[in-house]
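Start counting the sequence shown at 0; every next residue gets the next number (numbering that gives the first Met the number 0). In what follows, a single structure is set out as structure tokens and then discussed.
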Amino acid sequence: MKNTNTKSNVYIDALKSSFKKLAPTVQVKNPVMLVVYLGAILTTILYFLSFSGYDDAQPFFILAIAIVLWLTILFANFAEAIAEGRGKAQADSLKKAKKDVMTRKIMSLADVKKEKFISIQSSELKKGDLVYVTAGEQIPMDGDVVEGAASVDESAITGESAPVIRESGGDRSAVTGGTTIVSDYLVIKVTAENGESFLDKMISMVEGTERKKTPNEIGLQIILIMLTIIFLVVSVTLLPFTSFSSRLAEQGGPLSLTTIIALLVCLAPTTIGALVSSIGIAGMSRLNKENVIAMSGRAIEAAGDVDILLLDKTGTITLGNRRASEFITIDGVDEYDLADAAQLSSLADETAEGRSIVILAKEKFDIRGRELNNAEVEFIEFTAKTRMSGINYQGDIIRKGAADTIKKYVEENGATYPAECDEAVKKIANAGGTPLVVVKNYQVLGVIYLKDIVKNGVKEKFEDMRKMGIKTIMITGDNPMTAAAIAAEAGVDDFLAEATPENKMSLIRDYQEKGHLVAMTGDGTNDAPALAQADVAVAMNTGTQAAKEAGNMIDLDSSPTKLISIVKIGKQLLMTRGALTTFSIANDVAKYFAIIPVLFFSIYPSLEALNIMKLTNPTTAILSAIIYNAFIIVALIPLALKGVSYKEKPASQILRHNLLVYGLGGVVAPFVAIKLIDMLLALIMY
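This is the structure we're talking about:
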């Protein structure tokens with residue numbers, strides 16, 4: 000019920016806004032609709048002058064044309080207003096999150112221990128200030144964590160209820176004003192001035208107050224203006240031409256000024272002119288629903304033209320957590336014994352890899368976790384120095400770890416490290432996996448094959464990208480051999496191994512110099528140079544401030560796979576604009592053939608043969624066309640807002656589909672609709 004009320008409120012607000020947008024300062028921004036606007040004003044004036052015989056047309060006809068022209072303007076305003084209204088609710092919720100709060104400013108980190116705080120309003124904070132925020136308090140301003148680690152509730156911005164960890168150092172140090180600390184404390188260095196925070200920018204983008212026309216929109220609008228000027232020149236000549244022709248033919252009469260205005264509106268590309276703005280706003284709204292904030296409309300369009308995708312391996316292509324997939328025995332050791340020792344050494348290992356080893360042993364041999372008496376067991380935790388972990392249990396010494404570390408450990412204790420183990424380790428590494436060697440009482444039992452699991456459905460997604468002509472490139476810090484194995488399994492087109500900030504940026508620049516548009520994601524300071532270079536740069540909201548500033552989009556969910564959705568939304572935006580432009584042009588061509596013969600056959604009776612629709616007379620013909628011209632805008636609003644149905648196909652197939660559906664539909668629709676309206680008007684008027 001709440002959702003229904005919200006929708007009705009959006010429609011009511013859009014209707015009110017439609018009338019507010021009748022202001023000349025608003026109408027002048029859309030030159031095509033400005034012609035309709037001026038036509039509506041002029042016909043309204045002509046209606047009042049018609050009683051004194053100023054115009055040849057009947058007052059009823061002039062009034063009808065004036066009303067329909069005003070409706071055309073209102074429908075165009077409504078299309079734009081309802082697109083803008085979609086973001087208003089999100090903007091309102093963001094404004095609620097943005098409020099002035101009291102916070103504790105400190106002059107240095109030492110002030111935390113001394114509890115030396117200065118109470119200050121968040122609106123008074125300056126860039127570079129340090130603030131101390133603890134559990135239950137709102138983060139007052141955007142910043143980077145310089146001390147502490149805490150759970151932060153970001154639901155006010157992302158909509159996700161689960162808190163996230165923010166800590167000093169690394170790539171998860173950025174925090175956003177308006178979010179709330181759930182546990183512990185943070186010392187934050189403010190990175191934005193009041194009014195320039197991330198939340199302020201989000202509100203502006205969602206409301207559309209900072210939305211600028213994109214290059215494609217500007218290009219399309221120039222074409223529409225040129226077409227309008229052409230038809231304006233043609234229409235201006237019709238009055239003297241028909242006056243001269245009627246005298247020469249000694250029959251018929253000149254077209255009235257009202258008819259010429261109506262004809263101009265019918266012939267001008269008003270359909271796409273009315274919807275072009277709403278298409279762009281709706282595209283940004285669809286992106287907002289995906290929890291992505293575009294810092295410019297140009298970035299969304301660029302996403303639609305992208306043909307190179309750079310994707311991080313971890314978290315995007317793979318799950319990011321290596322999992323045990325196989326136990327490989329050495330020198331005739333029974334696989335059950337290897338699995339048992341591997342599970343024992345992993346019982347206290349809380350990492351994803353350790354848990355996966357326990358699970359694999361359980362699934363394969365039904366070896367279940369056992370209760371261990373602390374008095375008779377000693378767990379050996381993993382450290383960066385030893386690079387191995389294990390357990391001392393019932394007199395047995397069990398260890399697991401990296402191959403080179405275990406080899407050194409075995410040989411230092413006087414045992415032999417078998418060559419067969421080296422071969423197994425090399426085989427796993429060549430396959431893109433991670434080997435862990437297991438030893439019991441210094442005897443090598445075998446190797447655990449840890450595999451970086453490729454996400455389900457990723458290969459199919461990359462195949463879809465390939466159909467659209469998009470090349471996918473995996474970015475990873477792995478060695479080339481490991482990278483090649485994972486790339487082959489995932490189905491990417493290419494990969495960049497042992498990636499550094501320099502070679503990532505170099506790769507992007509090389510593709511751009513060849514005429515490609517490149518998209519990538521990143522979250523760290525080391526990603527900032529490449530993000531700044533990319534055409535579509537999606538920074539993670541959990542990332543550093545440097546990454547956010549370098550990107551032209553920010554993913555609030557911090558999901559590396561979001562890039563694929565962004566590209567689809569960009570392509571859908573371009574497809575929608577292309578489809579409606581095709582429909583509009585086809586629509587106009589059909590209207591020429593539908594109404595022009597009727598207007599002139601009083602002067603040239605032979606044109607009656609071209610009146611294939613058998614329209615009643617010039618009055619009903621022009622009224623039918625102008626009514627259709629207005630209401631087709633309303634009919635196309637849902638398509639402009641929702642976007643055309645998107646499918647991963649090559650550009651040539653999409654073009655053929657658009658020409659068939661929207662081109663043919665644009666030709667057929669006016670003939671059918673204008674004839675039906677003409678028949679209805681004939682019944683009413685005669």
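All C-beta atoms, glycine included, are put in the ideal place defined by N, C-alpha and C. Since the structure is predicted, the reported quantities are computational estimates derived from the model, not experimental observations.
Measuring CB to CB, does residue i end up less than 8 Å from residue j?
i	j	result
I553	K547	yes
V453	I356	no
I224	T580	no
I472	D451	no
A496	N478	yes
I138	I180	yes
L572	A549	no
A620	I602	no
N525	P500	yes
V457	C420	no
A191	G542	no
M464	L309	no
M574	Q532	no
V686	I625	Shown here, the chain extends from 0 to 685; a query on residue 686 therefore has no answer.
P268	T227	yes
V130	R103	yes
N586	G665	yes
For residue i, list the residues DSSP reports as bridge partners.
i	result
P434	Y448
M140	For M140, which the question treats as bridged, DSSP gives no partner whatsoever.
D152	T179
Q442	K439
S388	K399
G521	A538
V376	Y392
T475	None; T475 has no bridge partner.
V291	D554
I327	V446
V132	L185
R321	D451
A173	D143
E548	Note: E548 sits in no beta bridge, so no partner.
T313	T317
K125	None, per the DSSP bridge assignment.
So residue i and residue j are supposed to be a Cβ contact under 8 Å. How far apart are they, rounded?
i	j	result
S277	A82	4 Å
T175	E153	7 Å
P253	S245	6 Å
V446	V424	6 Å
A13	G84	5 Å
L516	V305	5 Å
S324	Y448	5 Å
Secondary structure at residue i, three-state DSSP: helix, strand or coil?
i	result
Q120	strand
K15	helix
I105	strand
L308	strand
T208	For T208, the predicted model reports a pLDDT of 42, less than 50, meaning its position is unreliable; a value from the coordinates is still stated below. Here T208 sits in coil by DSSP.
F630	helix
L346	coil
T560	coil
K361	helix
V27	coil
F77	helix
A578	helix
D493	strand
E713	Because the chain in this structure spans residues 0 to 685, residue 713 falls outside the shown range and cannot be described.
E501	helix
K590	helix
I164	strand
K567	helix
K674	helix
K641	helix
K470	strand
P417	coil
Exercise for the section: Could you tell me whether the region 645-652 touches the region 578-597, using the rule of 3 or more Cβ pairs below 8 Å? Expected result: The region 645-652 and the region 578-597 do not touch, with fewer than 3 CB-CB distances between them shorter than 8 Å.
Exercise for the section: Check whether the region 433-445 touches the region 393-400, counting contact only when three or more Cβ pairs, one atom from each stretch, lie closer than 8 Å. Expected result: In this structure the region 433-445 lies against the region 393-400, because at least three pairs of beta carbons, one per stretch, are closer than 8 Å.
Handout entry: Cβ pair count under 8 Å reaching 3, the region 301-316 against the region 604-617
Key = The region 301-316 vs the region 604-617: no contact.
Handout entry: Three CB pairs or more closer than 8 Å across the region 256-271 and the region 25-42
Key = They touch, by the three-pair rule.
Practice task
Could you tell me whether the region 618-638 touches the region 60-77, using the rule of 3 or more Cβ pairs below 8 Å?
Solution key: In short, these stretches touch, since the Cβ pair count reaches three.
Problem - Three CB pairs or more closer than 8 Å across the region 520-529 and the region 144-151 - result: The region 520-529 vs the region 144-151: no contact.
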